[in-house]
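Peer 1: Let me give you the structure first, and then I'll get to my questions.
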Amino acid sequence: MQKENIFDIRDVSKVYCMKGVETHALRGVNLTVKRGEYAAIIGPSGSGKSTLMHIMGCLDTPTKGKVIIEDSDTSEMDDNELARIRREKIGFVFQAYNLIPGLTAIENISLPMRFNGIGKGDAQRRAKELLDKVGLGDRMEHKPSEMSGGEQQRVAIARSLVNDPDVIMGDEPTGNLDSKTSEEIMDVIEDLHKKTGKTVIIVTHDRNIAKRASRKIMMLDGKVAK
Amino acid sequence: MFDIAVRELAGHRTRTILTALGIFIAITAIVSLGSISAGVNDLISSSTSSIGADTIFVMKHFDMSEMSGPPGSQSIEDMTAEQVAEISEISGVKRTVPIIVSQAGGFFEVDGLNIEDVDLFGGENLEFEEGMWPENDEKAAVLGKVVANSFDAAVGDTILLNKKEVEVAGIFEEGSGAYDLVIIIPYDAANDIYEADGGATQIILEPVDISMVDSIKETVEEEHEDLDAMTMEDALSMMEEMIGTLNIMTFGIGFVTSLVAAIGIIITMYTSVVERKRQIGIMKATGAYGRTILMQILEEGIVISLVSSVLAVGVSFFFVDLINNVLMGGTKLAMITPELAVGAVLYGVLLTILASLYPARMAVKVDPIKAIRGN
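Residue numbers (our numbering), protein chains in the order written: chain W, 2 to 227; chain L, -3 to 371.
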């Protein structure tokens, strides 16, 4: 049986130390996210929403507190275990798309599968399926520089899905796109959420994007406001 | 993921080619020098193995420090006829073989000795391609195959030694080792051609018994202060020293060139990691293990070094061919043994792996958050 809570964040703090000056990005965050939820993390710049997402997504570790993903306490994991969670449980979609410039769409999508030890042929077959799913079946051999922002973000979404993760995390996924393309990208993500029941967590400062989520998590001064 | 490594290298063609060039030059230098080392070793061992262990060589004392003028302008002085006679009288000497040594055609050695004494060098086992040994009273020569090619001479032709005509009596078969480069003439002919007055450049002594080698050597050096006597043991250790020096030179040059190549690899790999920080960050963010990143950088190094080392060995075969056939006129001075070829490729790959370790470790430490944030 699957657990109700996929994320359980307990009293998480994050302090950055730059040139001897301490910055408190998170100050005791408590938060749970249920499996299958569609949540938007919102808040002004510097409120700690990106930091929270990075910690939830195992890209960063908290200075204090616990992050429990499906019963596993990630604060006690080493780099390799964290990498495995990022690869298998979480799919990231970033604001700047973050595709690898030298590789084609299909190679970019299949890369996380290759990290999982899957052969080139199998990985590319899966990548092709996903590329069809995001409506770019005809752009397989194109490099990121040959695609528009919206197309690159679709490729990034396909990449996030390649290892069939439980959670899709978007860090301002529409931040670099015009409003029409933003809507299209969010349609793709929402469609995924509806059809596959994947948990979706989006960091955004765009009201229109946040509006579409079923739950809004407001961050203010490093804390969850509501 | 060698395919990704190849894609990455192909994406930065200039940088890849320059790195490969560094490795290529180092490996070519090592293999070419190593091949000369191996070849000389082989030549020396093949030419000394046919000489008896009890043989004593006598020659005029030769001091390198007393040399003046460019190398080669000095000729080794001859011993006089009296000295030859006195040495042959020393007790325990069974046979005295005076040899007049000279040069012809640049680097061919002319040995003048009585033909019945050629057995001292295993001469009786040499195969002739054409002709045979001359009589002692003939003004005739036997040529190594390389010499014959160089003089374009066949049996019955006449060649000039010291501007005097000598008939070709025989030609050794090709591949007779050091004998490929030698001209052998009877002692009397050499005495006449080089105006030696019954003297000799070198005397080879055969003792009655091997136990007398040391006492003969001592007597020669006591009675003739201007002469050096060398036993086979001395000669072997001298040659070993020569080969040792050659090996040290090879090693030294190889070490320096590979050091330069290694620094080149470190710089290019380092630049490549710095340039790709974001990309490495993306790979880590999407779940690549640290060791996956490490392997990715090392694989790029392995691909470059494998290709350039194999190419270098290939080109070295061409160089060796050039040295042997053009420079040496057919003698196998240089040779690439399978061990040398395989060893050089392995060395090239190992060197690159070692040089890539630091940049690769740096890549592993890239912080994915910092890397992916930048636009």
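Backbone N, C-alpha and C define an ideal beta-carbon position, used for all residues, glycine too.
Contact criterion: CB-CB distance below 7 Å. Does W:Asn99 meet it with respect to chain L?
Peer 2: Using a Cβ-Cβ cut-off of 7 Å, W:Asn99 counts as an interface residue toward chain L, since at least one Cβ of chain L sits closer than that to its own.
Peer 1: Under 8 Å between beta-carbons, which chain L residues line up against W:Arg88? List them in chain order, please.
Peer 2: Thr282, Gly283 and Ala284
Peer 1: Name the two residues that bound the continuous beta strand (DSSP E) containing W:Tyr39.
Peer 2: Tyr39 to Ile43
Peer 1: 7 Å is my cut-off, CB to CB: does W:Phe93 come that close to chain L?
Peer 2: Answer yes: the Cβ-Cβ gap between W:Phe93 and chain L drops below 7 Å somewhere.
Peer 1: So with Cβ pairs under 7 Å, would you call L:Thr264 a contact of chain W?
Peer 2: No, no contact with chain W.
Peer 1: Suppose you measure from the CA of L:Ala34 to the CA of L:Ile52; what does that come to, to the nearest Å?
Peer 2: 27 Å
Peer 1: So which residues of chain W does L:Glu4 contact, with C-beta pairs closer than 8 Å?
Peer 2: Gly103
Peer 1: Between W:His25 and the rest of its own chain, which residues show a CB-CB distance below 6 Å, the 5 nearest in sequence each way excluded?
Peer 2: Val16 and Gly223
Peer 1: Hey, how far is the Cα of W:Val94 from the Cα of L:Phe313?
Peer 2: 54 Å
Peer 1: What distance in whole Å lies between the Cβ atoms of L:Phe168 and L:Ile155, which are believed to be in contact at a cut-off of 8 Å?
Peer 2: Going by Cβ atoms, the distance from L:Ile155 to L:Phe168 rounds to 15 Å, so no, they are not a contact pair.
Peer 1: If you measure between the beta carbons of L:Gly166 and L:Gly102, is that distance less than 7 Å?
Peer 2: no
Peer 1: Would you list, in sequence order, the uninterrupted beta strand (DSSP E) runs of no fewer than 3 residues that lie entirely inside the region 27 to 88 of chain W?
Peer 2: 39 to 43 and 65 to 70
Peer 1: Check whether the Cβ of L:Ile365 lies closer than 7 Å to any Cβ atom in chain W.
Peer 2: So yes, L:Ile365 belongs to the interface.
Peer 1: Below 7 Å on C-beta distance, what does L:Thr288 contact in chain W?
Peer 2: Phe116
Peer 1: Apart from the five residues just before and just after L:Leu290, which ones in its own chain have a Cβ nearer than 6 Å to its Cβ?
Peer 2: Ala356 and Val360
Peer 1: Against W:Lys121, what residues of chain L qualify as contacts under a CB-to-CB distance less than 7 Å, listed in chain order?
Peer 2: Contact annotation for W:Lys121 against chain L: Asp(-1) [CB-CB distance below 7 Å, chain order].
Peer 1: Tell me which same chain residues have a C-beta within less than 7 Å of the C-beta of W:Met114, skipping the five on either side of it?
Peer 2: Within its own chain, the residues whose Cβ lies closer than 7 Å to the Cβ of W:Met114, once the five positions on either side in sequence are excluded, are Ala124, Arg127, Val163 and Asn164, listed in chain order.
Peer 1: Under three-state DSSP, which class holds L:Met228?
Peer 2: Helix.
Peer 1: At the 7 Å Cβ level, is W:Ala157 part of the contact set with chain L, yes or no?
Peer 2: no
Peer 1: On the premise that W:Val168 lies in contact with W:Ile7, defined as a C-beta separation below 8 Å, what is that separation, rounded to the nearest angstrom?
Peer 2: Contact flag correct, Cβ pair sits at about 7 Å.
Peer 1: Mapping DSSP to helix, strand and coil, what is W:Glu147?
Peer 2: helix
Peer 1: Does DSSP put L:Glu52 in a helix, in a strand, or in coil?
Peer 2: First, the amino acid is wrong: residue 52 of chain L is Ile here, not Glu. The answer is strand: DSSP assigns L:Ile52 an E or B state.
Peer 1: Who are the Cβ neighbours of L:His220 in its own chain at under 7 Å, not counting the five residues just before and after it?
Peer 2: Gln79
Peer 1: Only counting the same chain, and skipping five residues up and downstream in sequence, which positions put a Cβ closer than 7 Å to that of L:Ser84?
Peer 2: Thr92
Peer 1: Out of L:Ile298, L:Asn187, L:Leu307 and L:Leu294, which one is the CA nearest neighbour of L:Ala77?
Peer 2: Ranking the options by Cα distance to L:Ala77, first place goes to L:Asn187.
Peer 1: Select from the region 45 to 76 of chain W all residues with a C-beta closer than 7 Å to any C-beta belonging to chain L, and list them in chain order.
Peer 2: Answer in chain order: His55, Leu60 and Asp61.
Peer 1: Using only alpha-carbon positions, find the residue among W:Asn209, W:Val156 and W:Ile107 that is nearest to W:Ser180.
Peer 2: W:Asn209
Peer 1: Chain L partners of W:Asp80, CB-CB under 7 Å?
Peer 2: Gly286
Peer 1: Under a CB-based cut-off of 7 Å, is W:Ala41 close to chain L?
Peer 2: Chain L, which has no Cβ nearer than 7 Å to the Cβ of W:Ala41, makes this no.
Peer 1: Quick check: what's the CA-CA separation for L:Ala225 versus L:Trp129?
Peer 2: 29 Å
Peer 1: May I have the straight-line CA-CA distance separating W:Ile106 from W:Met141, to the nearest angstrom?
Peer 2: According to the sequence as given, residue 106 of chain W is Ala; it is not Ile. W:Ala106 and W:Met141: Cα-Cα distance of roughly 5 Å.
Peer 1: Short check: CB of W:Pro174 to CB of W:Lys90, under 7 Å?
Peer 2: no
Peer 1: Alpha carbon to alpha carbon, how far is L:Gly18 from L:Ser301?
Peer 2: 10 Å
Peer 1: Name the chain W residues that come within less than 7 Å of L:Ile298, Cβ to Cβ?
Peer 2: Going along chain W, no residue has its Cβ under 7 Å from L:Ile298, so there is no contact; the nearest lies around 17 Å.
Peer 1: By DSSP, does L:Asp113 sit in helix, in strand, or in coil?
Peer 2: helix
Peer 1: Is the separation between the beta-carbon of L:Ser41 and that of L:Ala330 shorter than 7 Å?
Peer 2: no
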